[in-house]
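Only one structure is covered here, and it is reproduced in the block below.
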Amino acid sequence: MKYSDLASIYEALEKTSKRLEKTFIISKLLKKTKQEDIDKLVLLIQGRLFPLWDETKLGVSDRLVIKAISVATGISPVKVDDEWKTLGDLGLVAEKLVQKKSQATLFSKDLTADKVFNNLRKLPSIEGAGSVDQKIKVIAELLSSAKPLEARYVVRTVLEDLRVGVGTGSIRDALVWAFFDKKVKVNYNEQEKTIEPDNREEYNRLVEAVQHAFDLKADYGEVARMIMKKGEKAFGELVLEAGSPINVMLYQKAKDLEEAFERVGKPCAFEFKYDGFRMQIHKKVKNIKIFTRRLDEVTKQFPEVVEYVKKYVNAKEFILDSEAVGFDHKTGKYLAFQAISQRIKRKYNINQMAKNFPVEVNVFDVMSHEGKNMLKEPFKKRRAILEKIIKPHTKKLVLAKQLVTGDLKEAEKFYKAALKVGEEGVMAKNLEGIYKPGSRVGYGVKVKPVMESLDLVIVGAEWGTGKRSGWLTSYVLACRKHGKFLEIGKVGTGIKELEDQGVSFKELTKKLKPLIIKEEGKTVRIKPEIIIEVKYEEIQKSPTYASGYALRFPRFVRLREDKALSDVSDIKLVEDLYKGQK
Ligand code: ATP
């Protein structure tokens with residue numbers, strides 16, 4: 007496929023905010039894609055070069071891209087930088103500057119999607135001396151043969167920020183539209199931008215099957231390839247397998263214990279809600295792998311957990327779900343997530359880190375056991391297996407503390423006990439509930455005593471004055487809407503002036519400074535990357551912010567480095583919380 011065709015599709019996607027129209031555009035593209043290109047194309051359309059479960063990051067900085075644009079166009083890095091300050095998007099900068107250059111020269115060869123994909127995928131493996139120059143060369147080479155519009159998207163793909171607003175839901179639906187067209191005959195009304203399948207029931211069934219396949223594989227590229235090759239037969243083969251990560255099940259929230267009972271039934275299983283981070287543990291024969299909630303592999307970062315799994319889980323093959331909680335190696339006291347979050351990204355001194363910031367693994371679910379898929383088994387059966395295979399060792403690997411009861415008083419006692427030992431609250435789980443990967447279904451709910459909180463991404467800030475000068479302060483926050491980020495308020499409270507008291511302005515400034523995309527006086531725009539949890543007292547309607555809402559008394563709670571941009575709180579949640587207040 008010519009990359010220029012793909013670039014036009016990106017542009018069409020960028021121009022519409024309507025989800026169905028995006029889905030339609032993607033499905034047309036999928037239909038005319040050849041089998042050998044389909045997995046690459048499905049990744050590219052999401053702006054990815056690696057599937058969701060793959061931890062590889064391109065790791066290309068803005069600075070490096072500026073140099074590559076400069077090499078490709080012959081325009082000095084300072085000028086490229088100036089353009090960036092005005093346009094705020096290096097993709098647009100590349101487009102403009104390539105356009106300028108192209109008036110003087112002719113394009114050599116057509117770029118293909120294949121070439122862009124293959125060349126960019128090489129970037130992470132370029133290491134060692136001279137690697138920066140080599141990376142610049144790879145990108146500059148693509149930009150030299152790119153037409154202006156192509157340059158826009160090459161750069162945005164390199165920066166892992168495509169900005170065309172394609173969500174995984176659109177990809178999923180487009181796969182059904184494209185490959186089961188004969189079966190369900192989807193009628194798309196171009197004028198009204200509405201869709202109506204001839205056979206709604208069949209359509210819903212196929213959407214669910216594709217979603218399920220994705221939940222297991224965490225890669226629409228692979229799902230697409232298999233469907234294209236085998237049609238519906240693929241669904242039977244997209245099976246759960248220890249070694250390849252699956253999306254985890256998420257939980258809903260209940261106001262209090264009574265509501266928890268209403269939602270998950272009586273009796274139900276209450277468990278401590280540990281305040282750590284999610285860890286998915288796989289074992290197949292001797293091979294043990296650990297994944298985060300974002301499905302990044304972190305096996306190397308947690309050597310002690312690998313040992314615990316070997317020693318204290320008595321089975322050959324499994325996938326477990328757990329929460330890892332850090333504790334102080336001297337006092338044994340459990341620590342807040344923040345204190346151990348640094349271990350997740352750690353690349354060196356790993357053993358020292360493991361000693362200083364050890365974790366305890368609290369296992370609470372099992373998705374696969376000795377090759378058997380446990381997803382459809384009731385929770386009480388899954389728990390029984392855990393009890394059978396786990397030999398608990400405090401401060402190493404234990405079972406989540408659990409109480410099965412239908413009695414409110416007992417539940418209250420358990421909840422208080424959880425809070426007393428410093429846990430966040432409790433989970434209440436339906437004893438008959440299945441494990442539904444990737445969904446926030448109500449088979450379990452969390453109950454915690456705090457104010458509401460949202461996970462928001464920082465998109466702007468202000469340079470501080472007086473004793474805060476030199477620091478970025480007053481962070482502009484945004485929630486998510488169809489892959490775009492809409493502002494919802496500013497936060498300055500809760501961040502510390504002194505470094506040893508918690509997350510400080512200095513620390514945030516260090517993280518945010520490299521992400522600045524535009525500066526105007528004291529205000530800066532920031533590339534959405536840093537996600538923080540923010541508490542607030544009330545949500546109000548507001549014309550000031552693009553989301554249409556504002557937060558009253560927002561307060562910084564903590565950094566959420568464990569969350570991806572796709573986890574940023576959705577506008578729908580904001581709306582629901584707003585309505586729920588009344
Ligand atoms: P939160 O910010 O409240 O942790 P979340 O969006 O990360 O929420 P949810 O699925 O809403 O995730 O809430 C449950 C989270 O609590 C799980 O993702 C998991 O990391 C953690 N957890 C701690 N203890 C348990 C437990 N016993 N059972 C299930 N999840 C648990």
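In this text, residue positions in the sequence shown follow the working numbering: the first is 7, and each later residue adds one.
C-beta: ideal position from N, C-alpha, C; glycine also.
As the structure is a prediction and not an experimental result, all values here were calculated from the model.
Judged by DSSP secondary structure, W469 falls within the beta strand (DSSP E) whose first and last residues are 459-469. When the beta-carbon positions are compared, P57 and K306 stay at least 9 Å from each other.
One thing to note: V164 has its Cβ no nearer than 9 Å to the Cβ of G489. Spatial neighbours of G450 in its own chain (CB-CB distance under 6 Å, excluding positions within 5 residues in sequence) are listed in chain order as Y257, M433, K435. In the three-state reduction of the DSSP assignment, A321 falls in the coil class. In the DSSP assignment, H399 is bridged to L403.
The region 515-523 makes no contact with the region 569-586: fewer than 3 CB pairs, one atom from each, lie closer than 8 Å. In the three-state reduction of the DSSP assignment, R178 falls in the helix class.
In this structure the region 142-150 lies against the region 65-74, because at least three pairs of beta carbons, one per stretch, are closer than 8 Å. Here N355 is exposed. Its C-beta has fewer than 16 other C-beta atoms within 10 Å.
For R446, the CB falls within less than 8 Å of some heavy atom of the ligand ATP.
Shown here, E17 sits in a helix according to DSSP, grouped into three states. With a threshold of 16 other beta carbon atoms within 10 Å, V84 falls short and is exposed.
Between L36 and A230, the gap from beta carbon to beta carbon is short of 9 Å.
Classified as exposed, E526 has fewer than 16 neighbouring CB atoms from the shown chains inside 10 Å of its CB. Exposure of K382 is indicated by the presence of fewer than 16 other C-beta atoms within 10 angstroms of its C-beta.
Listed as beta-bridge partners of A330 by DSSP are F283, V367. If you check the C-beta of R299 against the ligand ATP, you find a heavy atom less than 8 Å away. Relative to the Cα of V563, the nearest Cα in the group D576, E544, G500 belongs to G500. In the DSSP assignment, E214 falls within the unbroken alpha helix (DSSP H) covering 206-223.
Between the region 459-477 and the region 274-284 there are fewer than three C-beta pairs closer than 8 Å, too few to call the two in contact. With respect to E416, F278 sits apart: the two C-beta atoms are not nearer than 9 Å. Residue burial annotation: T39 is buried, with at least 16 other C-beta atoms found within 10 angstroms of its C-beta. For R558, the three-state secondary structure derived from DSSP is strand. Not one heavy atom of the ligand ATP is found less than 8 Å from the C-beta of R269. Proximity to V190 across Q197, I201, E196 peaks at I201, based on C-alpha coordinates. Taken through DSSP and simplified to helix, strand or coil, T163 comes out as helix. Going by beta carbons, L12 and A119 fall inside the 9 Å limit.
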